[in-house]
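Here's the structure we're looking at; comments come further down.
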Amino acid sequence: MKIAVPRETAEGETRVAATPQTVKAMVDDGNQVIVEAGAGEASSIPDEAYREAGAEIVPDAGALYSQAEMVLRVGRPSDEEAQMLRGGMVLIGTLGTLAKPDLATVLAKQGVTALSMDAIPRITRAQSMDTLSSQATVGGYKAVLIAAERLPKFMPLLTTAAGTVRPAKGIVMGAGVAGLMAIGTARRLGAVVEATDVRPVVKEQVESLGGTFIEVEMTEEEKAKAETAGGYATEMSDDYKRRQAALIAERVKEADFIITTALIPGRPAPKLVTEEMVKSMKPGSVIVDMAAEMGGNVEGTEAGKEVVKHGVRIVGLTNLPATMPGSATQMYAKNIQTLVKHLVTDGTVNLDFNDEITAGATITHDGKVVHAATAKALGIEPPAPASPAQTATEPAASAEKDA
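Take 4 as the starting number for the sequence shown in our numbering and just add one per residue.
Written as structure tokens, this is what we have:
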């Protein structure tokens, strides 16, 4: 299998889909790996490191895509790159087709078998492939560092000859992977941290990190609805949102910083912090809205920007993992290499649609959109499951002969 790693083209993207370590692992498994020149530059990985790991360096995207049978990416391909994909080729990346499903239509038309890292089910067997968790870990950590840098005061309690400085108080909204990392990081910096989440089961995790759980009173029906089978938070009733908002509003007045992380797959981010809440905060307070790209959890968030509203700094920076490309690339590349190992046997991609990981991650195959949620977003019916269960993809036709 000839596996290709292109240079990412999205503005601000510094990560790359492979490291020398994962390249070596794929080569050791009998694959050929080609890497576009400069692909790892923004992650501080020189071309020579890839060569030493067994990869071939090609000069540009055209040369890369003309040879590739499988392409590993971080994000979505550009329109130009999508047109370079050929029938029978396998594309793996974080394709985001729930939010922007039109890409799936293009990939199906091209005859590409596409798998999206953000569609991998959150099950125990797939933890080593879970890029949502690995990249959320990076984002949650960095969000707290941003808050600490923007705050006009110390995070920890300090007792000095000049007097005692009280610790900063923070609220983390959403106690998933990003939220838990944010709680732990803020506590290590000495802040006092409270956290809220619609899933009451996370209370113990929050408290184990030294945070205080802001518990909204819930009915049994609400408790049952609060979490999907895959471990994601779900959108709650208007009555629950009203009770949550009332409780949070009182805490917000005392907060020096807020980190918001709440996302619902395929839906706009829920609004958790109203403009009135922002107004009630102390001047100089900081909010880091990690859901900015999906509309934000805060009224007043502007995606990709930092703004000051009512004396409060609202940070809506997107793609926080790309601000720490060293660690983010290392983790993402390992996730994607593990998926490749799951799919490739003796140089052939085997798609077993009876396998939960493969079925959950595959977006397009055999000229069709096969991912149910993406098909729904496009307003089309997904086809019936593939039969037979074990389907080997035909190698992509190469425009160049192998040397």
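C-beta atoms are modelled at their ideal positions from N, C-alpha and C, and glycine is treated no differently.
Would you check if the distance between the CB atom of residue i and the CB atom of residue j is smaller than 8 Å?
{"i": "A181", "j": "G142", "result": "yes"}
{"i": "T264", "j": "A306", "result": "no"}
{"i": "V372", "j": "A45", "result": "no"}
{"i": "L364", "j": "R18", "result": "Rather than Leu, the amino acid found at residue 364 in this sequence is Ala. No; because the gap between Cβ atoms is not below 8 Å, this pair is not in contact."}
{"i": "I290", "j": "V318", "result": "yes"}
{"i": "A56", "j": "P23", "result": "yes"}
{"i": "Y335", "j": "V36", "result": "no"}
{"i": "V276", "j": "N300", "result": "yes"}
{"i": "M87", "j": "A7", "result": "no"}
{"i": "H368", "j": "P385", "result": "no"}
{"i": "D259", "j": "G173", "result": "yes"}
{"i": "Y53", "j": "G41", "result": "no"}
{"i": "K256", "j": "S283", "result": "yes"}
{"i": "V352", "j": "V93", "result": "yes"}
{"i": "K27", "j": "A71", "result": "no"}
{"i": "T97", "j": "M120", "result": "yes"}
{"i": "E296", "j": "T321", "result": "yes"}
{"i": "A107", "j": "I267", "result": "no"}
{"i": "S81", "j": "T12", "result": "yes"}
{"i": "L75", "j": "E39", "result": "no"}
{"i": "M158", "j": "A151", "result": "yes"}
{"i": "I217", "j": "L250", "result": "yes"}
{"i": "G269", "j": "A380", "result": "yes"}
Can you tell me the Cβ-Cβ gap for residue i and residue j, rounded? I've got them flagged as a contact below 8 Å.
{"i": "G298", "j": "P271", "result": "4 Å"}
{"i": "V219", "j": "A198", "result": "The pair is not a contact, with the Cβ atoms about 12 Å apart (cut-off 8 Å)."}
{"i": "P104", "j": "T377", "result": "5 Å"}
{"i": "V147", "j": "A185", "result": "5 Å"}
{"i": "G99", "j": "R79", "result": "6 Å"}
{"i": "D355", "j": "T348", "result": "With a Cβ gap of about 10 Å, D355 and T348 do not count as contacting."}
{"i": "P170", "j": "L154", "result": "About 11 Å separates the two Cβ atoms, so there is no contact after all."}
{"i": "V109", "j": "A85", "result": "5 Å"}
{"i": "V196", "j": "R190", "result": "6 Å"}
{"i": "L323", "j": "K206", "result": "That pair is no contact at about 26 Å."}
{"i": "T25", "j": "K337", "result": "6 Å"}
Exposed or buried, residue i, counting other C-beta atoms within 10 Å across all chains shown (16 or more means buried)?
{"i": "P286", "result": "exposed"}
{"i": "S288", "result": "buried"}
{"i": "S211", "result": "exposed"}
{"i": "S47", "result": "exposed"}
{"i": "G166", "result": "exposed"}
{"i": "P391", "result": "Low per-residue confidence applies at P391: pLDDT is 47, beneath 50, and the placement is therefore not dependable, though the value from the model is reported in the following sentence. Label assigned to P391: exposed."}
{"i": "G15", "result": "exposed"}
{"i": "A21", "result": "buried"}
{"i": "D200", "result": "buried"}
{"i": "G407", "result": "In this structure the chain extends from 4 to 406, so residue 407 is not present and cannot be described."}
{"i": "D241", "result": "exposed"}
{"i": "A325", "result": "buried"}
{"i": "A122", "result": "buried"}
{"i": "N34", "result": "buried"}
{"i": "P49", "result": "exposed"}
{"i": "V209", "result": "buried"}
{"i": "R316", "result": "buried"}
{"i": "G214", "result": "buried"}
{"i": "P188", "result": "Note that residue 188 is Thr in the sequence shown, not Pro. Under this definition T188 is a buried residue."}
{"i": "E253", "result": "exposed"}
{"i": "D292", "result": "buried"}
Could one say the Cβ of residue i lies closer than 8 Å to chain B's Cβ atoms, at least one of them?
{"i": "K244", "result": "Among the chains of the structure shown, chain B does not appear; only one protein chain is present."}
> What are the complete beta strand (DSSP E) segments, minimum 3 residues, inside the region 139 to 199?
Replying inline: 161 to 163, 166 to 168, 172 to 176, 195 to 199
>> Contact between the region 127 to 136 and the region 341 to 360 is defined here as three or more beta-carbon pairs at a separation below 8 Å; is this criterion met?
In response: yes
>> Give the list of continuous alpha helix (DSSP H) stretches no shorter than 4 residues that lie fully inside the region 292 to 369.
In response: 328 to 346, 359 to 364
> Can you give, in chain order, each stretch of the alpha helix (DSSP H) that sits fully within the region 33 to 96 and has at least 4 residues?
Replying inline: 50 to 55, 64 to 70, 82 to 87
>> Extract the residue ranges of the beta strand (DSSP E) inside the region 232 to 288, only unbroken runs of 3 or more that lie entirely within it.
In response: 260 to 263
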